[in-house]
Every structure is written in C-alpha cells, then in structure tokens.
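All remarks here apply to the structure that follows.
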Amino acid sequence: MTEVEVLAAAKAAATRLSKAKRLNALLTPPAVVRKSLVAQAKAVRASGVLYGMPVAVKDNICTLDFPTTCGSKILEGYQSPYEATVVTKLKAAGALIAGKANLDEFAMGSSTEHSAYGRVLHPLDRTRVPGGSSGGSAALVAAGAVPAALGSETGGSVRQPAAFCGVVGIKPTYGRVSRYGLVAFGSSLDQVGVLGRSVHDAARVLSVISGRDPRDNTCEDRDSLRLPTVPERLEGFVIGIPKEYFPVDLHPGVRRACDRAIRALKDLGAAIRDVSLPHTAYAIPTYYVIAPAEASSNLARFDGVRYGSRAGGVTTLADLYRETRGAGFGPEVQRRILVGTYVLSSGYYDAYYRKAQQMRALLAQDFRNVFDRGVDLLFTPTTPTVAFKAGERTKDPVAMYLADCFTAPANLTGVPAMSLPIGRVKGLPVGGQFIGQPFLEDDMIEAAYALERAISGTDEA
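Just so you know, we're using the working numbering here: the sequence shown kicks off at 258 and counts up by one.
Pasting the structure below:
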C-alpha cells in the first residue's frame with residue numbers, strides 16, 4: 258500500500274466505525290477516532306507487517322491516545338500514563354489503533370451487558386448479546402468496521418464472543434503474550450487475545466503481539482509466534498474429541514455444526530480419536546472461586562485514593578472506601594469482589610480456594626494425559642448454545658456463567674485455544690474450538706486454516 262492508499266483506508270475505516278456506533282461497540286467518539294486514524298496514517302511506518310491495518314483495542318488495555326475506563330464509572334475519563342506492550346507492538350508493525358472497544362465492566366461478564374456505558378448489540382440481531390466480555394471487539398470485527406481487534410481472556414472472553422458473532426478468536430498460551438498494560442482481573446488467568454474476520458487476520462496480529470517482554474515476569478522468554486503455511490491436507494494430525502464437551506443437552510444446531518466440522522477434519526486426512534477429560538464438569542465452579550478471589554485482590558487498589566474517581570462529602574476513610582466503591586463499581590463487579598473476599602477469608606480459604614486450586618491441577622493433568630497419548634489437538638464446540646437474548650440471563654448468574662463451560666478450562670490450565678465459525682443456526686453463528694498444546698499455537702492455526710477453507714462458516718447447520 259502507498260501512503261495515499263493508507264490514508265484513504267484510514268478514512269474509510271473511520272467511516273465504518275462511525276456507522277457501527279449503533280451497536281454501542283466503540284467507547285471512543287467517532288470524531289476522535291477519525292482524527293486519530295488520519296494522524297496515525299500520516300506517521301505510520303511503511304515497513305511494518307500490519308502496515309495500515311486498523312485494529313480496535315478492548316478498553317481494559319492501556320493506551321496513551323485514548324482513555325482506559327474498563328467499562329466502569331470508577332475509571333471514567335482515566336488516561337493511562339503508559340501504554341500496553343501489545344499496543345506498542347501493534348504500532349511498531351504499522352497498525353493503526355482504531356479506538357477503544359466496549360466490554361463488560363473490568364472484563365467481568367459473558368454478554369457485554371454489564372458495561373457502565375450500556376450494552377453492546379449483536380451485529381446480526383440486536384435483540385441478542387454479542388457475548389462477553391470482549392463483546393465490543395467481536396461486534397466491531399463482525400460488523401466489518403475493523404479487520405481485527407484485541408480482546409482479553411480470563412475465562413473465555415475472546416472465544417465466546419467470537420463464536421456468538423461469527424468471527425475468529427484466539428487465546429494464546431499463558432505467557433505467550435505480554436500482560437503489561439492489561440488491567441488485571443485474575444492475574445493467573447488473564448491473557449490478551451485477538452479477534453479477526455479470518456484465521457489469517459487473527460493469526461497475523463497474534464504473531465506481532467507475541468514474544469518476550471522484560472516488563473512482564475509472567476511472559477515467557479520465547480520468540481514471537483511464526484505463522485504456519487496454509488496446508489492442503491491434515492495427514493499426521495491426531496485430533497481428539499472429548500466426550501465431556503458433547504453433553505446430551507448440547508444445542509442440536511451446535512451439535513450438527515460440530516459433527517459436520519469433524520467430518521471435514523476427517524476428510525482432510527486427520528485421525529479422529531474419542532478422548533476423555535474427566536474433570537471438565539468442575540471447571541466452572543473452580544473458575545468462579547479462583548477468578549473472583551484474584552479479582553477481589555486486584556481491584557482493592559480502586560479505592561478513591563490511588564486510582565479512579567473519588568466520592569465527595571465523606572468524613573472518614575471507611576466512608577470514602579464505601580461510597581467510592583459502592584458508586585463506582587457495578588453490581589456484577591461487586592458480586593465477584595464479595596465472592597472473592599469470602600472464599601479467601603479465614604475459615605473458608607481451605608474449604609473453597611485451596612480445593613479450587615487442587616481441582617485446577619487435576620484439570621491440567623487431564624489435558625496432559627490426553628496430549629501425552631499422541632493427541633495433537635482437541636476439537637469441541639466453543640459454546641453450548643448460539644447467542645442468547647439480551648436480558649435472558651442477567652437475573653440468573655449461574656446460567657450466565659455456564660455460557661463459558663467449554664472455554665474456561667483452557668484459561669484454568671493455560672493451554673492455547675481458538676474459535677472459528679463452523680456454521681449457522683437460523684442465521685446465528687456457531688463456533689468450533691481447537692484446543693492445543695502449550696506454545697504450539699502454530700499447530701492449532703494450521704488446522705484452523707484447513708478447516709476454514711474446507712467448511713463455509715455461513716452455511717446452516
């Protein structure tokens with residue numbers, strides 16, 4: 258692309274993002290985005306591998322050019338003094354930062370209905386949710402406003418909205434991508450991920466943001482991901498189908514789409530093997546002990562003194578904390594802080610948190626057992642249903658949490674996983690999930706390349 262073409266592309270992206278305003282997926286005002294994109298297009302490095310690509314960034318990832326609110330009133334208007342490593346790497350590769358995407362407050366949610374700035378609408382059906390917590394990022398990609406966006410994952414917050422919206426979502430191995438500049442929710446679970454309109458778009462962005470970072474001691478000392486070539490066949494791949502991810506109450510349309518994808522994988526030459534991950538049923542209760550526990554600790558800093566807005570008219574420190582956090586945090590964040598504080602409290606730590614960590618170890622062992630027996634990848638549905646109606650699960654937290662039952666195990670165990678479109682049910686997308694071995698994202702992406710080419714993601718299942 259020439260400089261003139263990049264400038265024209267930046268203006269076109271700004272127009273698309275302005276049209277996408279109806280989805281409430283972008284928190285940055287369109288006029289601000291347009292001005293920024295034009296300025297970036299004039300200054301961007303022409304040699305970068307993402308030269309001229311507009312990429313939206315989830316609003317819990319710090320940027321210098323736009324506020325970072327985490328979808329919360331407690332950080333309304335907050336301007337970070339530094340930017341996330343992943344944003345720096347995007348810029349160095351020639352990408353244009355296309356504003357901040359809406360999300361569930363502090364990334365706590367599965368529907369993007371818990372943002373202080375309003376819910377995100379599904380790009381295909383406004384009565385439904387786009388998934389969460391990276392619903393804004395997924396909706397922008399699905400609407401064609403940007404070819405790729407950054408999200409974050411703690412329990413499935415990239416893959417689940419990718420499945421609901423019909424785009425590709427990749428969660429890398431824990432430690433593959435720097436977390437520096439990602440506002441912490443659950444530090445042992447959080448990971449920056451990528452959403453893209455195709456496997457190639459998502460994988461290309463992942464290759465840029467991956468790699469070592471001395472500012473993050475959880476980031477492994479490894480080179481950036483190298484993208485595999487697009488394979489003609491999948492001979493030599495052994496793909497496991499875990500029975501626990503295909504329960505009897507799985508949505509019939511989701512099951513049909515997965516069955517068709519499995520047949521396609523077999524036709525491509527992959528060996529299909531039935532496997533078992535026996536502790537899968539405990540993943541959600543385990544996750545909803547560990548994640549809130551870590552959230553209660555991480556969010557303690559938002560107290561009106563060190564970070565965020567501060568309540569006025571108070572006379573004591575206790576009142577300052579109570580009023581600031583009570584008004585600044587929404588109900589879902591408050592719920593998780595309370596749960597996390599409870600499971601870490603004296604007398605309950607052993608009963609809940611310690612047992613959850615023991616179960617986490619068993620879940621990780623399940624994956625090791627399968628991979629040690631010659632399985633290269635696992636294939637599963639990404640979600641048990643298609644996108645559900647807005648408001649359908651807001652009064653039933655357990656039903657909402659179960660939307661992540663097939664995604665949370667990969668976060669608990671740190672393995673890479675990705676979702677790609679494998680069909681539609683009455684016009685609503687269905688996602689199929691690959692789960693890979695640690696730091697072997699290239700195998701996972703290679704299989705996804707082949708499946709994407711072999712099966713149309715828009716066909717009715």
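C-beta atoms are modelled at their ideal positions from N, C-alpha and C, and glycine is treated no differently.
Bridge partners of PHE691 according to DSSP: PHE636, MET675. In the assembly as shown, ALA647 is a buried residue. Its beta-carbon has 16 or more other beta-carbons within 10 Å. Apart from sequence neighbours up to five positions away, the residues of its chain that approach GLY351 with a beta-carbon distance below 6 Å are VAL301, ARG302, GLY305, LEU307, TYR308, ordered along the chain. Classified as exposed, TYR339 has fewer than 16 neighbouring CB atoms from the shown chains inside 10 Å of its CB. Nearest Cα to ASP458 within the set ILE702, GLU717, LEU601: ILE702. For LYS428, the enclosing beta strand (DSSP E) begins and ends at 425-428. Under the DSSP assignment, GLU410 falls in the beta strand (DSSP E) whose first and last residues are 405-410. Beyond the five residues adjoining it in sequence on each side, LEU491 comes within less than 7 Å, by CB distance, of LEU522, LEU525, GLY526, ALA527, ALA704, ALA707 in the same chain, given in chain order. Assigned with DSSP and collapsed to three states, LYS523 falls in helix.
Two segments are said to touch when three or more pairs of C-beta atoms, one from each, lie closer than 8 Å; by this definition the region 490-506 does not touch the region 674-683. Residue pairing for GLU717: DSSP places it in a beta bridge opposite ARG681. DSSP places VAL449 in the strand class (E or B) of the three-state scheme. Per DSSP, the beta bridge partners of PRO311 are LEU353. Taking the Cα positions, ARG385 is about 44 Å away from THR572. In the three-state reduction of the DSSP assignment, VAL263 falls in the helix class, which pools H, G and I.
Cβ-Cβ distances below 8 Å link PRO485 to ASP699, ASP700, ILE702, GLU703, TYR706 in the same chain, with the five nearest sequence neighbours on each side left out; the list follows chain order. Judged by DSSP secondary structure, ASP531 falls within the beta strand (DSSP E) whose first and last residues are 528-532. When rounded, the separation of the alpha-carbon atoms in ASP470 and LYS348 is 16 Å. Beta-bridge annotation (DSSP): ARG385 is paired with LYS646. Rounded to the nearest angstrom, the gap between the Cα atoms of ALA548 and ALA277 is 32 Å.
Here the C-alpha atom of LEU634 lies approximately 5 Å from the C-alpha atom of GLY693. Under a 10 Å Cβ-count criterion, PRO509 is classified as exposed, with fewer than 16 other Cβ atoms of the shown protein chains found around its own Cβ. By the C-beta criterion, the region 655-666 is judged not to be in contact with the region 594-603, since fewer than 3 inter-stretch pairs fall below 8 Å.
The C-alpha of SER394 lies about 15 Å from the C-alpha of ALA270. Between GLN417 and SER367, the C-beta spacing is below 8 Å. For PHE696, the CB contacts under 6 Å within the same chain, skipping 5 residues up- and downstream, are THR430 in chain order. Remark: three or more beta-carbon pairs, one from each stretch, lie closer than 8 Å, so the region 435-447 and the region 540-559 are flagged as touching. Between ALA358 and LYS315, the C-beta gap is smaller than 8 Å, which places the two residues in contact. Fewer than three pairs of CB atoms, one per stretch, sit closer than 8 Å, so the region 637-656 makes no contact with the region 394-405. Judged by their CB atoms, GLY587 and SER566 are not nearer to each other than the 8 Å cut-off. In this structure, ALA514 is the residue among ALA557, ALA514, GLN615 with its C-alpha nearest to the C-alpha of GLU717. A Cβ-Cβ contact shorter than 8 Å links LEU407 with VAL343. Taking 3 residues as the minimum length, the beta strand (DSSP E) runs contained wholly in the region 437-481 are 448-453, in order along the chain.
Secondary-structure assignment with DSSP links PRO499 through a beta bridge to VAL532. Under the 10 Å beta carbon count, TYR545 is surrounded by 16 or more other beta carbons and is classified as buried.
Secondary structure of VAL571 (DSSP, three-state): coil.
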